[in-house]
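>
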Amino acid sequence: MRSIVPAAAALAAVLALALAAGATAQSPDQKVVLTVGLTQDLDSPNVTVGELVSSFELWNLQYPTLTDLAADDLSTAPGLAESWSSDDSGRVWTYTLREGLEWSDGTPITAEEVAYTINRSREEEWLNHYSTVQNLTAEATDERTLVVTSSVDDPKLPGLSVYIVPKHVYEEIEASEIGKYAALDGVSAGPFSLKEWKKGQFWRMEANDSYWRGRVAIDEVVFRVFRNADAMVAALRSGELDAAHNVPAAAFPSLETAEGIEAVEGEQGGFDYLVLNSYAGQPPRDETKFDAPHPVLLDLRVRQAIAHAIDKETLVERVLSGLGTPGTTISPSPSPAWMPELSEEETYEFDLEQANQILDDAGYTDTNGNGVREHEGKDIVLRYAIRTESEYSKPYAEFITGWLKDIGIDTTFSSYDDGQLIEVAGKGAFDAYVWGWTPFVDPDPMLSYMKCDQISVDASDFSNFWNDTGLCDPEYDALYAEQNTELDPDRREEIVHEMLTRWYTNAAYVVLATSPDLQAYRTDRFSGWVRQPAEIGPVLFSNSSPSYWSLEPLASSGDGDGGLSTAAIAAIAIAGAGALALVGWVVLRRRSVEERE
Amino acid sequence: MSVRFVVGKVLGAFATLAFVLVFNFFLFRVVESNPVATLYRGRNLTDAQRDELTRQFGLDGSKLEQFVRYVEQTLQLNLGRSYATNRPVIEEIWAAAPQTIALVGVATVISMVIGILMGISAGWRRGTTQDRVLTSTSMATWSTPDFWLGMILLTVFAVQLGLFPTGGIEDPTSGATGFAKLLDQAWHMALPCLTLAIAYVGEFALVMRSSILDVMREDYLTLARAKGLRDAQVRDRHAVRNALLPSTALIAINFGFVLSGAIAVETVFSWPGLGLLTTEALRGPDLPMLQGLFLVFSASVIFFNLVADLLYPLLDPRVRYS
Numbered sequence: 001m002r003s004i005v006p007a008a009a010a011l012a013a014v015l016a017l018a019l020a021a022g023a024t025a026q027s028p029d030q031k032v033v034l035t036v037g038l039t040q041d042l043d044s045p046n047v048t049v050g051e052l053v054s055s056f057e058l059w060n061l062q063y064p065t066l067t068d069l070a071a072d073d074l075s076t077a078p079g080l081a082e083s084w085s086s087d088d089s090g091r092v093w094t095y096t097l098r099e100g101l102e103w104s105d106g107t108p109i110t111a112e113e114v115a116y117t118i119n120r121s122r123e124e125e126w127l128n129h130y131s132t133v134q135n136l137t138a139e140a141t142d143e144r145t146l147v148v149t150s151s152v153d154d155p156k157l158p159g160l161s162v163y164i165v166p167k168h169v170y171e172e173i174e175a176s177e178i179g180k181y182a183a184l185d186g187v188s189a190g191p192f193s194l195k196e197w198k199k200g201q202f203w204r205m206e207a208n209d210s211y212w213r214g215r216v217a218i219d220e221v222v223f224r225v226f227r228n229a230d231a232m233v234a235a236l237r238s239g240e241l242d243a244a245h246n247v248p249a250a251a252f253p254s255l256e257t258a259e260g261i262e263a264v265e266g267e268q269g270g271f272d273y274l275v276l277n278s279y280a281g282q283p284p285r286d287e288t289k290f291d292a293p294h295p296v297l298l299d300l301r302v303r304q305a306i307a308h309a310i311d312k313e314t315l316v317e318r319v320l321s322g323l324g325t326p327g328t329t330i331s332p333s334p335s336p337a338w339m340p341e342l343s344e345e346e347t348y349e350f351d352l353e354q355a356n357q358i359l360d361d362a363g364y365t366d367t368n369g370n371g372v373r374e375h376e377g378k379d380i381v382l383r384y385a386i387r388t389e390s391e392y393s394k395p396y397a398e399f400i401t402g403w404l405k406d407i408g409i410d411t412t413f414s415s416y417d418d419g420q421l422i423e424v425a426g427k428g429a430f431d432a433y434v435w436g437w438t439p440f441v442d443p444d445p446m447l448s449y450m451k452c453d454q455i456s457v458d459a460s461d462f463s464n465f466w467n468d469t470g471l472c473d474p475e476y477d478a479l480y481a482e483q484n485t486e487l488d489p490d491r492r493e494e495i496v497h498e499m500l501t502r503w504y505t506n507a508a509y510v511v512l513a514t515s516p517d518l519q520a521y522r523t524d525r526f527s528g529w530v531r532q533p534a535e536i537g538p539v540l541f542s543n544s545s546p547s548y549w550s551l552e553p554l555a556s557s558g559d560g561d562g563g564l565s566t567a568a569i570a571a572i573a574i575a576g577a578g579a580l581a582l583v584g585w586v587v588l589r590r591r592s593v594e595e596r597e
Numbered sequence: 598m599s600v601r602f603v604v605g606k607v608l609g610a611f612a613t614l615a616f617v618l619v620f621n622f623f624l625f626r627v628v629e630s631n632p633v634a635t636l637y638r639g640r641n642l643t644d645a646q647r648d649e650l651t652r653q654f655g656l657d658g659s660k661l662e663q664f665v666r667y668v669e670q671t672l673q674l675n676l677g678r679s680y681a682t683n684r685p686v687i688e689e690i691w692a693a694a695p696q697t698i699a700l701v702g703v704a705t706v707i708s709m710v711i712g713i714l715m716g717i718s719a720g721w722r723r724g725t726t727q728d729r730v731l732t733s734t735s736m737a738t739w740s741t742p743d744f745w746l747g748m749i750l751l752t753v754f755a756v757q758l759g760l761f762p763t764g765g766i767e768d769p770t771s772g773a774t775g776f777a778k779l780l781d782q783a784w785h786m787a788l789p790c791l792t793l794a795i796a797y798v799g800e801f802a803l804v805m806r807s808s809i810l811d812v813m814r815e816d817y818l819t820l821a822r823a824k825g826l827r828d829a830q831v832r833d834r835h836a837v838r839n840a841l842l843p844s845t846a847l848i849a850i851n852f853g854f855v856l857s858g859a860i861a862v863e864t865v866f867s868w869p870g871l872g873l874l875t876t877e878a879l880r881g882p883d884l885p886m887l888q889g890l891f892l893v894f895s896a897s898v899i900f901f902n903l904v905a906d907l908l909y910p911l912l913d914p915r916v917r918y919s
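Chains as they are written, first to last, in the numbering used here: chain D, 1 to 597; chain X, 598 to 919.
1. Could you work out which residue in I380(D), L404(D), R373(D) is closest to F350(D) when comparing CA atoms only?
2. When you compare only the Cα positions, how much space is there between D406(D) and Y384(D)?
3. Please identify, using Cβ separations under 9 Å, the residues of the region 194–228 of chain D that lie next to chain X, in order along the chain.
4. By Cβ distance below 6 Å, which residues in the same chain neighbour G702(X) in space, the five residues on each side in sequence not counted?
5. Just checking: is the beta-carbon of P769(X) within a distance shorter than 8 Å of some beta-carbon in chain D?
6. Using a Cβ cut-off of 9 Å, pull out every chain X residue sitting near A647(D), in sequence order please.
7. Assign N370(D) to buried or exposed, taking buried as 16 or more other Cβ atoms, counted over all protein chains shown, within 10 Å of its Cβ.
8. For S320(D), count neighbouring C-beta atoms within 10 Å of its own C-beta (all shown protein chains included) and say buried if the count is 16 or more, exposed if not.
9. Please report the straight-line C-alpha distance between A429(D) and G408(D), rounded to a whole angstrom.
10. Can L793(X) and V862(X) be called in contact, C-beta distance under 8 Å?
11. Under DSSP, the beta strand (DSSP E) around S414(D) begins and ends at which residues?
12. Can you grab the Cα-Cα spacing for the pair N119(D) / V133(D), in whole Å?
13. When you compare only the Cα positions, how much space is there between A719(X) and G322(D)?
14. Nearest to S83(D) by alpha carbon, out of T96(D), G90(D), G270(D)?
15. Would you kindly check if the distance between the Cβ of F252(D) and the Cβ of G765(X) is under 8 Å?
16. Report the residue from L342(D), E475(D), Q420(D), P474(D) whose alpha carbon sits nearest the alpha carbon of S463(D).
17. Only counting the same chain, and skipping five residues up and downstream in sequence, which positions put a Cβ closer than 7 Å to that of A115(D)?
18. Would you list, in chain order, the members of the region 732–743 of chain X that have their beta-carbon closer than 9 Å to a beta-carbon of chain D?
19. If distances are taken between C-alpha atoms only, which option among A355(D), P336(D), R285(D) comes closest to A305(D)?
20. Can you tell me the Cα-Cα spacing of I307(D) and R98(D), whole angstroms?
21. Reducing DSSP to helix, strand and coil, say where S27(D) ends up.
22. Taking only beta-carbon positions, decide if S238(D) is within less than 8 Å of chain C.
23. For D242(D), I'd like the list of residues in its chain whose CB is within less than 6 Å of its CB, leaving aside the five on either flank, ordered along the chain.
24. Excluding five sequence neighbours on each side, which residues of the same chain lie with their C-beta closer than 6 Å to the C-beta of G712(X)?
25. Should W549(D) be labelled buried (16 or more other beta-carbon atoms within 10 Å of its own) or exposed?
26. Looking at the secondary structure, which residues open and close the beta strand (DSSP E) in which S89(D) lies?
27. Would the beta-carbon of F202(D) be found less than 7 Å away from any heavy atom of the ligand FAD?
28. Below 8 Å between beta carbons is the criterion; list the residues of the region 788–800 of chain X that meet it against any residue of chain D, in chain order.
29. Could you please give the first and the last residue of the uninterrupted alpha helix (DSSP H) stretch that includes I386(D)?
30. Quick check on T875(X) - is its C-beta less than 8 Å from some C-beta in chain D?
31. Taking the beta carbon of R832(X) as the centre, do at least 16 other beta carbons fall within 10 Å, making it buried, or is it exposed?
32. Assuming the contact rule is C-beta atoms closer than 8 Å, P191(D) and L66(D) should be a hit. Round their C-beta distance to whole Å, please.
33. Looking at P439(D) and S515(D), is the spacing between their C-beta atoms short of 8 Å?
34. Sorted by chain position, which residues of the same chain lie with C-beta nearer than 8 Å to D311(D)'s C-beta, five sequence neighbours on each side aside?
35. Which same chain residues end up closer than 8 Å to S679(X) when comparing Cβ atoms and leaving out the 5 residues on each side of it in sequence?
36. Given that K31(D) touches chain X, what residues does it touch there, using C-beta distances under 8 Å?
Below is the structure:
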């Protein structure tokens, strides 16, 4: 045994030294640091390139917006602009900027700076700006006055919450080079500026002294990327993290009951839906290149029967572990006001008997008694696609195809990763699958995805579509065009309600459930967490992330995250010394034994 | 060692590598994918931009043209561009490799030393309680899944006891530099390294034990004892030296697996090395990245196998260069 004792002791000594090293490496300064865990790295800090939620959080903290989104209901609130007014046409808006605005490097923010971002992003069609600014022209009439003119009636105005970038940095970058710009300049006019990004590990931001709301109470915010969500939850429990985003559903219930931790189901309008392929020849496409849906799905009665056959309550309980709420219509915005109230007659209640009745009445019967209804003498078998990248896709499939079986519809399965499924969907080579959407603040983009011109017809690029149902409803398109230029907010809301009710009735999308962001934060470190929108939304990674400038460190919090107490360091030092002594003793003893032998 | 033997082994290694190179190309093209469409969905690319991206990803032209270009580029150490980041694969691998080499290298050395010592003492006292304890411990650690062990150690040492961090390679807020930074990294490496060391130690111990058992029957041990040498001298000078030979091969081969050895453990501890790069690439799937990693992993295994082949005859003159 004696030859392993020293080895084991040596290992113990090494570990103890590593520990002591860690203890001394802990910085003793009293910086107030907010550490947030997440499972997704930045794709790019460059606002013309990035598109992940993590990157949007970075921009929310670094770049100002002309108008902000109110924390409680996402309505238009003052940002860089403190006030605004419009002319009689409603197309020309004059914004007045706050006094004394500055970038973190001391450069003043003038109306000219804001105009620069709006005009350049329109000309160059920047990814995250273009949909908002495509019809706008901006002009600075003096230091603090910005006139924005829209070439169309645009109900989104005066809201203009695109990220404003520092002109003095960006004017150095040519249009052809801008996509390659690393954007690590750290010039900020938000609460924090980016100081360091270690790809795949973390990014670190420091408070901006010249933030227009005043310097925030936090000195630094660190976003740590975890590749193992369970380890992230462990880090939250151990106090290494102050908050975590994208908590795994399996760990969520245990965090809900954990002491000192608040678990948050943050609704931002995201939802899961069952899509039924309903392409009926409009708009026309080269049928030799595309696949076609099962013909029964073109019969509205069949889709309605399927809608009646899906028990959303059970899906929420059994598939989503109770996280989320049963769905109704599409939700086009994080703000629930845009969703219509469905009347009882309009709603497809879960009722297998009624579903079977509808199919019987429509003449789809099971003549050979094998449990499957027939269409033109053949069993009705739908092609159901499963997403390998979603943990819920399979359990959803099991429940849904079980109910389909109950109403006499059989299914076959194929599995795809998301890249493949987009192509399969674009080709129309499926009958049903479950996927999800998360909407922007304004309902317009989400509503636009269901238009006829968003159906896949481009045989050279099967991913060139958004309307995965293939259902073309010209009446819906007409309503879309109407809301798109309706300047009266109440009237616009009415139109949107009508559109969503129509789309619900078409039953090409069966919205299954909301898909909340699962987050959690420690209650012993900071106070002032803000849910956006109020009461239902998430505390982080929301549309304008107000928590960061609202948080205050709690007096008792100190710097104790993950650090070791003096007693622990002493204990480790003693253990290390003990282990070394043991090694020495064994070696000496061994020598003396050999001498005796 | 004859030149012929060395040349033969080296040629054999190159032939294997060439096979991997060819196999790699076809393996990662079984799945049809169109990264340009997937990555740039909804961005209104012009046809020219689309063609340019397709060209950048090396997906233009026929399969044969692609293959020829792939071989040419690989020979120039150009492994293509990652679908996920649109950066050269070789740069990403180059940036992640040092962390993996540090982690798995240290773990391999620790487990090698401890494992060999365990094997010697178990084999030398075959049949005793000590042997049974050591052997069953080795069996147990060898068969433990490393990601599971990692989660257990993480829960105990990082969450319950709070002694080590839960993951990552450094404390983002410390701002430490130089030696302090190195210490911080050592502190972060302790748990993943311990996990791997425990996972590897059993294999070394069991191989060493069985080699010791093999040499124990040899005549030269009887002779050594007859000469009147003490037990420890017989063991250290005669038994262990000869028994180490099979372990040398094992060690060399194990170093070949250093690069690819910690995929699960790196993921558990968010350790930014090649393993993490692999799990990340699997998600996409980022085929050029996977292809590049696969090639690098294979090359490393082939190289260390060659080293083992060449080393063996040097250490043991009984091995003929046939």
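Cβ atoms here follow ideal geometry from the backbone N, Cα and C, with glycine treated the same way.
Considering the structure as presented:
1. Translated into the one-based positions of the first sequence, residue 350(D) becomes position 350. The residue with the shortest Cα to Cα distance from F350(D) is L404(D).
2. Here residue 406(D) is taken as the residue at index 406 of the first sequence, counted from 1. Here residue 384(D) is taken as the residue at index 384 of the first sequence, counted from 1. Distance between the alpha carbons of D406(D) and Y384(D) is about 16 Å.
3. E196, K198, K199, G200, Q201, F202, W203, R204, E220, V222, F223, R224, V225, F226, R227, N228
4. Locating residue 702(X) in the second sequence gives position 105, counting from the first residue. V855, listed in sequence order.
5. Against the second sequence, residue 769(X) aligns to sequence position 172. Chain D contact via Cβ: present.
6. Missing from the structure shown is residue 647(D); chain D here goes from 1 to 597 and no further.
7. Residue numbering aside, residue 370(D) sits at position 370 when the first sequence is read from its first letter. Answer is exposed; the Cβ neighbour count stays below 16.
8. Position 320 of the first sequence holds residue 320(D). Rather than Ser, the amino acid found at residue 320(D) in this sequence is Leu. Flag for L320(D) reads buried.
9. Walking along the first sequence from the start, residue 429(D) turns up at place 429. Walking along the first sequence from the start, residue 408(D) turns up at place 408. Roughly 22 Å between the two C-alpha positions.
10. Start at 1 with the first residue of the second sequence, and residue 793(X) comes out as number 196. Start at 1 with the first residue of the second sequence, and residue 862(X) comes out as number 265. Result yes, Cβ atoms of L793(X) and V862(X) sit closer than 8 Å.
11. As a first step, residue 414(D) is located in the first sequence; it is residue number 414 there, counting from the start. Looking at the DSSP string, the run of the beta strand (DSSP E) that includes S414(D) is 410–416.
12. Taking the first residue of the first sequence as position 1, residue 119(D) is located at position 119. Taking the first residue of the first sequence as position 1, residue 133(D) is located at position 133. Their Cα atoms are separated by approximately 8 Å.
13. Taking the second sequence and counting its residues from 1, the one referred to as residue 719(X) is at position 122. Taking the first sequence and counting its residues from 1, the one referred to as residue 322(D) is at position 322. Cα to Cα, the separation comes out at about 54 Å.
14. Here residue 83(D) refers to the residue found at position 83 of the first sequence. Checked all of T96(D), G90(D), G270(D); the closest Cα to S83(D) is T96(D).
15. Start at 1 with the first residue of the second sequence, and residue 765(X) comes out as number 168. Start at 1 with the first residue of the first sequence, and residue 252(D) comes out as number 252. No, the Cβ-Cβ distance between G765(X) and F252(D) is not below 8 Å.
16. Taking the first residue of the first sequence as position 1, residue 463(D) is located at position 463. Closest option to S463(D), Cα to Cα, is Q420(D).
17. As a first step, residue 115(D) must be located in the first sequence, where it is residue number 115. Once the five neighbours on either side are set aside, the close Cβ partners of A115(D) are A138, E139, A140, L146.
18. none
19. Here residue 305(D) refers to the residue found at position 305 of the first sequence. Per the Cα distances, A355(D).
20. Counted from its first residue, the first sequence places residue 307(D) at position 307. Counted from its first residue, the first sequence places residue 98(D) at position 98. As written in the sequence, residue 307(D) is Ala, which differs from the Ile given in the question. In a straight line, the C-alpha of A307(D) is about 52 Å away from that of R98(D).
21. Working through the first sequence from its first residue, we reach residue 27(D) at position 27. The predicted model places S27(D) with a pLDDT of 49, which falls under 50 and marks its position as unreliable, so this point remains unresolved.
22. Among the chains of the structure shown, chain C does not appear; the protein chains present are D and X.
23. Here the question's residue 242(D) lines up with position 242 in the first sequence. Result list for D242(D): L34, T35, R522, R525, in chain order.
24. In the second sequence, the residue the question calls residue 712(X) occupies position 115. If we look at G712(X) and ignore the five residues flanking it on each side, its Cβ neighbours are V798, F801, A802.
25. Here residue 549(D) refers to the residue found at position 549 when the first sequence is read from its first residue. Answer is buried; the Cβ neighbour count reaches 16.
26. For this step, residue 89(D) is matched to residue 89 along the first sequence. No beta strand (DSSP E) holds S89(D); DSSP gives it neither H nor E.
27. As for the ligand FAD, it is missing from this structure, which has no ligand bound.
28. L791, A794
29. Sequence index remark: in the first sequence, residue 386(D) carries index 386 (1-based). Run containing I386(D): none in the alpha helix (DSSP H); it sits in the beta strand (DSSP E), 381–387.
30. Along the second sequence, read from residue 1 onward, the residue named residue 875(X) stands at position 278. T875(X) does not count as touching chain D.
31. Translated into the one-based positions of the second sequence, residue 832(X) becomes position 235. Its Cβ being crowded by 16 or more others within 10 Å, R832(X) is buried.
32. Position 191 of the first sequence holds residue 191(D). Position 66 of the first sequence holds residue 66(D). Going by Cβ atoms, the distance from P191(D) to L66(D) rounds to 17 Å, so no, they are not a contact pair.
33. As a working note, residue 515(D) is residue 515 in the first sequence. As a working note, residue 439(D) is residue 439 in the first sequence. Not a contact, by the Cβ cut-off of 8 Å.
34. Walking along the first sequence from the start, residue 311(D) turns up at place 311. These residues qualify, in order along the chain: F350, F399, W403.
35. The residue given as residue 679(X) occupies position 82 in the second sequence. Around S679(X): P685, V686, E689, A878, D883, P885, M886.
36. Within the first sequence, numbered from 1, the residue matching residue 31(D) stands at position 31. By Cβ distance, chain X contributes T770.
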